[in-house]
Amino acid sequence: MLDAVVVGAGPNGLTAAAELARRGFSTAVFEARDTVGGGARTEELTLPGFRHDPCSAVHPLGIASPAFNAMPLDRYGLTWLQPELPMAHPFDDGTAAVLARSVAETAASFGPRDAGTYRRLVEPFTGTWDTLVRDFMSLPLTALPRDPVTLARFGIAGLPPYTWLMRRFRDDRARALIGGLVAHVMAPFHGPATSAIGLVFALAAHASGWPMPRGGSQSISDALTGYLRDLGGEVHTSYEVKRLDDLPPARAYVFDTSPTALARIAGLGRHYDGFRYGAAAFKIDYALDGPVPWTAEPPRRAGTVQIGPTSRDIATALRQASSGDTAPLSLIHISAP
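Position one of the sequence shown corresponds to residue 42 (the working numbering), numbered consecutively onward.
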């Protein structure tokens, strides 16, 4: 009998399996598709020779992940590529605000009225990022925080809704850029702890960047798979699980699937009758014959370009999407490897 069976070979399932195997538990992963990857895969989707990430492409919390950093994934081919600028947000007047590795450069791009406010907001946490990100990514806490004082201070800044944090800035350059960071969780600005999301993505840029894996997101999944197999774990692809009887006996089962798939496989339909999916995004892949000719200069150096006219436009789109209405196209994130 196996100690653990993991259903789904996405990055979360593979990470769970590798962590279990690293601790000495016999582990097997079962994946319906013929390749591993889930939301971290790379495929030829447009023209021959052009490889795209169907889901995630830029991984600010991947390079900062305590789980990833506890594994020797570099030995299995995972290399992070850092753009000169993590992110840029161009405006209609031909200028751009930037999220740079440097706090000072980022603050300066917001203009003189908000530069000091931004520095005071993030500088207390830049020196404690390693422990803060570990504690933040352990929420809800599974153990005592490593730095409870810093986590508490971060909570004071991050737990309020972003509508509160916005009031600290006088101009829209900072409001719009940070608002676009908050939008990564597809929640309205008035939602609880939305300030924390914007702060975490900003701090990640200053501490470790917004990198892309060399070769695409598939490199993350392939590295996890290689490490897992070297630990003695098994990975079975092209293995569709329709019910629990399709799986070998195990002491524990871990599902890296959608809630509806889990309900169908495990016969838990009645427990998920009230489940509803939230707001989502859509993605378009392009095969380009050259760099995008941005009017502003900073986006030409950025790995991610965020387009949103104003913070009010972004807020309106998030509010309407979260309520189930058709939202205007007011925020676009462009990954430009």
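By construction, the Cβ of each residue, glycine as well, lies at the ideal position given by its N, Cα and C atoms. It should be emphasised that the depicted structure is a prediction, and the values quoted were computed from it without experimental measurement.
For residue j and residue i, believed in contact at Cβ under 8 angstroms, the rounded distance
i	j	result
SER363	MET227	7 angstroms
VAL295	ALA45	6 angstroms
PHE230	PRO202	6 angstroms
PRO124	ARG342	7 angstroms
THR83	GLY310	Their Cβ separation, rounded to whole angstroms, is 34 angstroms, which puts THR83 and GLY310 out of contact at 8 angstroms.
SER352	ASP155	Going by Cβ atoms, the distance from SER352 to ASP155 rounds to 12 angstroms, so no, they are not a contact pair.
ALA291	MET42	6 angstroms
Cβ pair residue i, residue j closer than 9 angstroms
i	j	result
TYR268	ALA50	no
ALA137	PHE151	no
LEU326	HIS93	The displayed chain sequence assigns Asp, not Leu, to residue 326. Yes; because the gap between Cβ atoms is below 9 angstroms, this pair is in contact.
VAL190	THR167	no
ALA322	ALA105	no
ALA141	ARG160	no
LEU372	GLY221	yes
SER260	THR76	no
THR204	ARG74	no
ALA237	ALA293	no
Residue interval of the beta strand (DSSP E) (run including residue i)
i	result
MET128	126-131
ALA62	Looking at the DSSP string, ALA62 is not in any beta strand (DSSP E); the run it does join, the alpha helix (DSSP H), is 52-63.
ALA291	291-296
ILE261	Segment 259-271 is the alpha helix (DSSP H) holding ILE261; no beta strand (DSSP E) there.
PHE66	Element bounds for PHE66: n/a, residue is neither H nor E.
VAL47	43-48
SER279	From DSSP, SER279 is part of no beta strand (DSSP E); its letter is neither H nor E.
Continuous alpha helix (DSSP H) stretch holding residue i: start and end
i	result
VAL190	189-199
VAL241	235-249
GLY344	No alpha helix (DSSP H) contains GLY344, which is instead part of the beta strand (DSSP E) from 343-348.
SER363	352-363
VAL77	Segment: none, VAL77 is in no alpha helix (DSSP H) and carries neither H nor E.
SER150	144-150
ILE306	300-307
VAL163	156-167
CA nearest to the CA of residue i, picked from the options
i	options	result
THR87	LEU126, ASP330 and PRO254	ASP330
GLY196	PRO340, ALA377 and GLY239	GLY239
TRP335	PRO107, ALA377 and LYS324	ALA377
LEU200	GLY78, ALA234 and MET128	ALA234
PRO252	THR367, ALA358 and LEU122	LEU122
MET128	ILE306, THR278, GLN347 and PRO95	GLN347
LEU173	PRO186, LEU43 and ASN53	PRO186
ARG116	MET207, ASP263 and ALA337	ASP263
ILE306	THR278, LEU288 and ALA356	LEU288
ASP194	VAL47, LEU265, LEU162 and ILE375	Just to set this straight, residue 194 is Arg in the shown sequence, not Asp. Comparing Cα-Cα distances from ARG194 to each of VAL47, LEU265, LEU162 and ILE375, the minimum goes to LEU162.
ALA304	GLY344, GLY90 and VAL48	VAL48
ASN324	PRO254, ARG175, LEU370 and ALA57	The amino acid occupying residue 324 in the given sequence is Lys; Asn does not appear at that position. Residue LEU370 is the option with its Cα nearest to LYS324.
ARG175	LEU55, THR266 and LEU192	LEU192
LEU244	ALA224, ILE219, GLY232 and ASP188	ILE219
Within the chosen definition, does the region 66-75 reach the region 265-283 through at least 3 CB pairs nearer than 8 angstroms? yes
- Is there contact between the region 101-119 and the region 314-322, where contact requires at least three CB pairs shorter than 8 angstroms? no
Next on the checklist: Could you check whether the region 121-136 touches the region 276-288, counting it as contact only if at least three pairs of C-beta atoms, one from each stretch, sit closer than 8 angstroms?
Outcome noted: no
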